[in-house]
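For reference, the structure discussed in these notes is given below.
Protein chains: 2
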Amino acid sequence: MTDRPDLAAMIIPLSRALIDAELPVLREHGLSMWAYAVLLALDERPLRTQAALAESIGADKTRIIGFLDDLQRRGLIERTPDPTDRRVRLLSLTAEGRRVRDSAQAGIQSKEERLLARLPDEDRRGFLRALQALAALPPEEIADPR
Amino acid sequence: MTDRPDLAAMIIPLSRALIDAELPVLREHGLSMWAYAVLLALDERPLRTQAALAESIGADKTRIIGFLDDLQRRGLIERTPDPTDRRVRLLSLTAEGRRVRDSAQAGIQSKEERLLARLPDEDRRGFLRALQALAALPPEEIADPR
DNA sequence: TATTGTTATACTCTATAACTATA
DNA sequence: TATAGTTATAGAGTATAACAATA
């Protein structure tokens, strides 16, 4: 047995607190958490189906439809039928979508930086490296490591 | 702007994955996430009111009642009226409660250790130190740092 | 017949408000 | 009147199932 609290017992409340920290920032930009996740995912690269987009942000395909409707109505994303298969929707960020995303992210990261500033330099660097490594793992490997 | 993903964009999915990892372990011990959180909180020290217990684990006082009922029925906690003020309930872990808690926690932490083993030593140490520091902060300071 | 996106339905989780018993 | 605990109600979030369009 270790002498530390459970990882989950530290991360779950931290996760909740970060959500509480960031929702007001997102609201200033007219975004919900899921809408912001959509903008982040599409910024990487356009996606060919809504189901793929949903999966990439850990959501159900039925859950993001309302958010896509809204983002499209506001001109932040484009959602056009694929000419080669008219069942699927091609999804991409508009210039305005990228602008909103960048400005929301700037607000969020500046708040996060203020938080990280409380940590000693070397812990902060190790923390961020470890976090990026763990976030890059497929969820199944976290659920059942080794 | 930093060159990293948002903290929240890494921590929220990690948090979800850890929950998925730990629920099966808890279920083996007949515990839900909230029931386990109750056992962990009471292990630190007995508590004088249910509302204080609820707050310490980030729950609403109305939400933990069913779990307390069940834990008491199974003899894992004691819940006795305070003789000096019969409105309040004194809460504490029984020996059996501590046994179940220890065995569940052993299962959880061994799974977590397998996950942490993927990280380089110094990153892992920095990660755990940073996490403990952040988890010790009051939620308000995370929601609005500085 | 199978698949993409959508809508409709049911279920779970959580928060709010009412109730009781004590003080 | 106020507080601890409880119960009841309502709301949000989520998952499952049915549906329409296209392949």
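Protein chains in written order, with the UniProt record's numbering: chain F, 1 to 146; chain W, 1 to 146. Idealized CB from N, CA, C, for every residue including glycine.
Backbone CA spacing between residue i and residue j [nearest angstrom]
i, j, result
"Tyr36 of chain F", "Arg125 of chain W", "32 Å"
"Asp39 of chain W", "Ala95 of chain F", "It is worth fixing the name first, because residue 39 of chain W is Leu in this sequence and not Asp. The alpha-carbon atoms of Leu39 of chain W and Ala95 of chain F are separated by roughly 51 Å."
"Ala9 of chain W", "Pro83 of chain W", "49 Å"
"Arg129 of chain W", "Asp123 of chain F", "7 Å"
"Leu90 of chain F", "Leu23 of chain W", "37 Å"
"Asp121 of chain W", "Phe127 of chain W", "10 Å"
"Asp43 of chain W", "Ala41 of chain F", "42 Å"
"Ser15 of chain F", "Ser92 of chain W", "28 Å"
"Leu26 of chain F", "Arg79 of chain W", "43 Å"
"Arg33 of chain F", "Asp144 of chain F", "It is Met, not Arg, that sits at residue 33 of chain F in the sequence shown. Roughly 28 Å separates the two Cα atoms."
"Pro138 of chain F", "Gly58 of chain F", "11 Å"
"Ala104 of chain F", "Glu140 of chain W", "21 Å"
"Ile77 of chain W", "Leu7 of chain F", "24 Å"
"Glu28 of chain W", "Ile19 of chain F", "30 Å"
"Pro81 of chain W", "Val88 of chain W", "6 Å"
"Arg63 of chain F", "Ala135 of chain F", "23 Å"
"Thr49 of chain F", "Arg114 of chain F", "37 Å"
"Gly97 of chain F", "Gln72 of chain F", "9 Å"
"Gly107 of chain W", "Gly107 of chain F", "40 Å"
"Asp60 of chain W", "Ile142 of chain W", "20 Å"
"Leu47 of chain W", "Arg118 of chain F", "31 Å"
"Phe67 of chain F", "Ser56 of chain F", "15 Å"
"Pro5 of chain F", "Arg86 of chain W", "34 Å"
"Leu116 of chain W", "Met1 of chain W", "29 Å"
Under 8 Å from the C-beta of residue i: neighbouring residues of chain W
i, result
"Gln72 of chain F", "Ordered by position in chain W, no residue passes the 8 Å Cβ test against Gln72 of chain F, which lies about 22 Å from the chain."
"Arg27 of chain F", "Ordered by position in chain W, no residue passes the 8 Å Cβ test against Arg27 of chain F, which lies about 13 Å from the chain."
"Gln105 of chain F", "Met1 and Asp6"
"Ile142 of chain F", "Leu14, Ala17, Leu18, Asp20, Ala21 and Leu115"
"Pro46 of chain F", "Chain W residues near Pro46 of chain F: none, gap ~19 Å exceeds 8 Å."
Buried or exposed by the 16-neighbour rule on C-beta atoms within 10 Å, applied to residue i
i, result
"Asp3 of chain F", "exposed"
"Gln132 of chain W", "exposed"
"Lys111 of chain F", "buried"
"Pro13 of chain F", "buried"
"Arg45 of chain F", "exposed"
"Arg101 of chain W", "buried"
"Gly30 of chain F", "exposed"
"Ile65 of chain F", "exposed"
"Ala52 of chain W", "exposed"
"Gly75 of chain F", "exposed"
"Ala21 of chain W", "buried"
"Ala54 of chain F", "buried"
"Ala17 of chain F", "buried"
Per-residue contacts from residue i into chain F (C-beta, under 8 Å)
i, result
"Gly30 of chain W", "The premise fails here: Gly30 of chain W is roughly 18 Å from chain F at the closest Cβ pair, so nothing lies under 8 Å."
"Ile133 of chain W", "Looking at the sequence provided, one finds Ala at residue 133 of chain W rather than Ile. The answer, in chain order, is Arg118, Leu119 and Asp123."
"Ile12 of chain W", "Ser15, Leu18 and Ile19"
"Ile108 of chain W", "Asp6 and Ala8"
7 Å Cβ cut-off: residues of chain F touching residue i
i, result
"Ile64 of chain W", "Those do not exist, as Ile64 of chain W stays about 16 Å from chain F at its closest Cβ, beyond 7 Å."
"Arg129 of chain W", "Asp123"
"Gly58 of chain W", "Pro13 and Arg16"
Neighbouring residues, chain F, relative to residue i (Cβ below 9 Å)
i, result
"Leu42 of chain W", "Correct list: empty, because the minimum Cβ distance to chain F is about 14 Å."
"Pro83 of chain W", "Going along chain F, no residue has its Cβ under 9 Å from Pro83 of chain W, so there is no contact; the nearest lies around 33 Å."
Within chain W, the residues that residue i reaches when beta carbons sit closer than 9 Å
i, result
"Gly97 of chain F", "The premise fails here: Gly97 of chain F is roughly 17 Å from chain W at the closest Cβ pair, so nothing lies under 9 Å."
Interface residues of chain W facing residue i [CB-CB closer than 7 Å]
i, result
"Pro145 of chain F", "Lys111, Arg114 and Leu115"
"Leu7 of chain F", "Leu18 and Glu112"
Distance cut-off 7 Å: residue i Cβ against heavy atoms of the ligand PLP
i, result
"Leu42 of chain F", "Only the bare structure without any ligand can be found here, which leaves the ligand PLP out of the picture."
Write down every uninterrupted run of the alpha helix (DSSP H) in the UniProt domain "HTH marR-type" (4 to 136) of chain F whose length is 4 residues or greater and which is fully enclosed by it, in chain order. Segments of the alpha helix (DSSP H) lying fully in the UniProt domain "HTH marR-type" (4 to 136) of chain F: 7 to 28, 33 to 44, 50 to 56, 65 to 73, 95 to 116 and 121 to 136.
Just by C-beta distance, which residues in the region 14 to 25 of chain F are closer than 8 Å to chain W? Flagged, chain order: Leu14, Ser15, Arg16, Ala17, Leu18, Ile19, Asp20, Ala21 and Glu22.
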